[in-house]
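S.K.: Below is the structure I would like to discuss, written out as structure tokens.
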Amino acid sequence: MEALPDGELECVEGAVVHALDTNDHRGLTILGYGEVSVAIGWPTGAPRWALKRLPPFPDRAARRRHIELIRRYIDHLTAAGVGVVDTEIATLERDDGALLAYLVQPALDPATLAPAVLAAADPAHGHPLVDAVVDAVLACTDGRCGIDAQMTNWVWSDGRVSNLDVNTPFLYDAEGRPELDVGVFLAALPAPVRRAQRRATAGIVARWRRPRWALLDCAMNLYKDGLDAWVPLVIAAANPHLDEPLDPDEVARRYESEAKLWVTMHRLERLERWWRRRIRRQRYEFLLSPDTHYARRRHVRPTSHPGGSA
Ligand SMILES: Nc1ncnc2c1ncn2[C@@H]1O[C@H](COP(=O)(O)OP(=O)(O)O)[C@@H](O)[C@H]1O
Ligand SMILES: [Mg+2]
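In the working numbering, the protein residues as written are 10 to 319.
So this is what it looks like as structure tokens:
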């Protein structure tokens, strides 16, 4: 990947700060809103890079730890044979002292992102990327490593999948506790919720080290992207590898409860943004999507046959 020229990150941060302070993202080329971060295309208008800004860190040691964790995570996935999109990490100290870090990746061709590949394919014929994602999950989930395997996190190129979402590394200690400090990400939420959520979030993060959960998550999130017809194919690809098979009803039910959770989170983030900006007169440091994808799709009917509904 071509390196980001010197001084360019300051320009990116300037554009982000403008978007944060005006609540207007139109000056940025947004490649995608995830639930945690936003991929910003740079340069604006004709992006060559995708930049993902991590939340400001409380001190240099915390930033160093997070960057080291991302690097270790990428090494772990790569060693397990799971492709990862070329990812550099660039740091920046803003004039007001805020300690920032950005993940820098090549801006990928939108047609190669897994949801677009599946949307363009015929579920009746299947697609080799489904098995490739299942294989990747099975290869890297070993108790100490997990993966967010939803289709929005994969790119399909030259007949293989690579993961593009390493902002929140899923590495765990011997007791299964996440190494990730969720604190910087929880800063998006109102303070009382943040405190209550800290333990709950660590528990939620711990789920991704289990292959069954990672595959269930992959299957259910297809509903979010309107790829219902692919749900049975992911279930069929996953089940031969699972002691407790995935069931279409379970997948649909879990999706609905997950959608509810993310819609609530998004509401709380908007509330915190209002509180910070209007009442505290401070900057809210997270670029929120105008609308979470889950809000558009809250209820689903289980799909059990390729290409159709139940
Ligand atoms: N390198 C990239 N090139 C093009 N689009 C990207 C790239 N990285 C991410 N995206 C888009 O942005 C979305 C959010 O990025 P992601 O890293 O998955 O964030 P999150 O951790 O919030 O899920 C992705 O699902 C994808 O659609
Ligand atoms: Mg993602």
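By construction, the Cβ of each residue, glycine as well, lies at the ideal position given by its N, Cα and C atoms.
Buried or exposed: which applies to Ser266, given that a residue is buried once 16 or more other Cβ atoms fall within 10 Å of its Cβ?
M.R.: exposed
S.K.: Starting from Val47, follow its DSSP beta bridges and name the residues at the other end.
M.R.: BP columns for Val47 point to Tyr42.
S.K.: On the DSSP bridge assignment, give the partners of Ile213 in chain order.
M.R.: Within the DSSP bridge table, the entry for Ile213 names no partner.
S.K.: Do Ala48 and Lys61 have their C-beta atoms within less than 7 Å of each other?
M.R.: Against a cut-off of 7 Å, the Cβ pair of Lys61 and Ala48 comes out as a contact.
S.K.: May I ask you to list the residues that DSSP assigns as paired with Gly92?
M.R.: Beta-bridge partners of Gly92 (DSSP): Ser171.
S.K.: Helix, strand or coil for Arg62 per DSSP?
M.R.: strand
S.K.: Decide if Arg305 is buried, meaning its Cβ has at least 16 other Cβ atoms within 10 Å, or exposed.
M.R.: exposed
S.K.: With hydrogens ignored, establish whether the beta-carbon of Thr312 is closer than 6 Å to any heavy atom of ligand 2.
M.R.: no
S.K.: Label Ala319 either buried or exposed according to how many other C-beta atoms from any shown protein chain fall within 10 Å of its C-beta, with 16 as the threshold for buried.
M.R.: Because Ala319 carries a pLDDT of 43, less than 50, the predicted location of this residue cannot be relied on, and no value is offered for it.
S.K.: Apart from the five residues just before and just after Ile79, which ones in its own chain have a Cβ nearer than 8 Å to its Cβ?
M.R.: Hits under 8 Å: Thr96, Ile98, Leu112, Val175, Asn176, Pro178.
S.K.: For a test of your reading of the model: does the CB of Thr161 fall under 6 Å from any non-hydrogen atom of ligand 2? Yes or no.
M.R.: Yes, since a heavy atom of ligand 2 falls inside the 6 Å radius drawn around the Cβ of Thr161.
S.K.: Can you tell which of Val309, His314, Phe295 has the C-alpha that lies nearest to the C-alpha of His34?
M.R.: Phe295
S.K.: Please report how far the alpha carbon of Glu102 lies from the alpha carbon of Arg286, in whole angstroms.
M.R.: For Glu102 and Arg286, the gap between their C-alpha atoms comes out near 22 Å.
S.K.: Roughly how many angstroms separate the alpha carbons of Gly155 and Ala28, rounded to a whole number?
M.R.: 33 Å
S.K.: Less than 6 Å between the CB of Asp104 and some heavy atom of ligand 2, yes or no?
M.R.: no
S.K.: Using a C-beta cutoff of 7 Å, does Pro132 count as contacting chain C?
M.R.: The structure shown contains no chain C; it holds only a single protein chain.
S.K.: Where Val260 and Ala158 are concerned, what is the direct C-alpha to C-alpha distance, given to the nearest angstrom?
M.R.: The alpha-carbon atoms of Val260 and Ala158 are separated by roughly 15 Å.
S.K.: So the candidates are Ala268, Arg282, Thr312; which of them puts its Cα closest to the Cα of His302?
M.R.: Ala268
S.K.: Rounding to the nearest angstrom, what Cα-Cα distance links Glu77 and Pro56 in this structure?
M.R.: 27 Å
S.K.: Indicate, with yes or no, if ligand 1 has a heavy atom lying under 6 Å from the CB of Asn230.
M.R.: Within the chosen limit of 6 Å, ligand 1 does not reach the beta carbon of Asn230 with any heavy atom.
S.K.: Give a yes or no on whether the C-beta atoms belonging to Leu147 and Asn162 are separated by under 7 Å.
M.R.: no
S.K.: When DSSP labels each residue in this structure, what does Ala110 get in the three-state scheme?
M.R.: strand
S.K.: Judging by CA-CA distance, which residue of Thr87, Thr53, Trp58, Leu117 is the nearest neighbour of Glu11?
M.R.: Trp58
S.K.: Mind checking whether the beta-carbon of Asp226 lies closer than 6 Å to any heavy atom of ligand 2?
M.R.: no
S.K.: Check Ala319 in the structure and name its three-state DSSP category.
M.R.: Low confidence applies here, because Ala319 scores a pLDDT of 43, under 50, leaving its location unreliable; read the following figure in that light. Three-state DSSP puts Ala319 in coil, outside helix and strand.
S.K.: Nearest CA to the CA of Ser166: which residue from Tyr293, Val21, His314, Ala123?
M.R.: Ala123
S.K.: Determine the burial state of Arg282: buried for a count of at least 16 other Cβ atoms within 10 Å of its Cβ, exposed for fewer.
M.R.: buried
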